[in-house]
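So the structure is just underneath, and the comments pick up after that.
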Amino acid sequence: MPKNISWRKLVQKFRNLGFDGPYSGGRHLFMVKEGLKVHIPNPHEGDISKHLLSEILRQASISTSEWNKA
0 MPKNISWRKL
10 VQKFRNLGFD
20 GPYSGGRHLF
30 MVKEGLKVHI
40 PNPHEGDISK
50 HLLSEILRQA
60 SISTSEWNKA
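Each residue of the sequence shown is one higher than the one before, starting from 0 at the first, in numbering that gives the first Met the number 0.
Structure (structure tokens):
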């Protein structure tokens, strides 16, 4: 399971995995890769919890090993 992560590091890792963005849209930002659109939390104080990160990775179909390599 991934560890807690800062918002900046989250965006950096998604970019390393080939995602573009973040773009604004509605209440949350999102990042895009080909036809896949993944919503990410808005920047805020503190880290993103490992549970929320796991849910985001599941929705993006990114494995934990793939995430750790990025």
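Glycine residues also receive a C-beta, built at the ideal position from the N, C-alpha and C atoms.
Three-way DSSP call (helix, strand, coil) for Phe13 in this model: helix
If the criterion is Cβ atoms closer than 8 Å, does the pair His73 and Asn41 meet it? Residue 73 is absent from the structure shown; the chain starts at 0 and stops at 69.
In the DSSP output, which residue or residues are listed as bridge partners for Ser23? Ser23 pairs with Leu28.
Whole angstroms is fine: what's the gap from Gln11's alpha carbon to Met30's? Those two C-alpha atoms are separated by around 11 Å.
Whole-angstrom distance between Glu44 and Trp66, CA atom to CA atom: Approximately 23 Å between the Cα atoms of the pair.
Does DSSP put Lys49 in a helix, a strand or coil? helix
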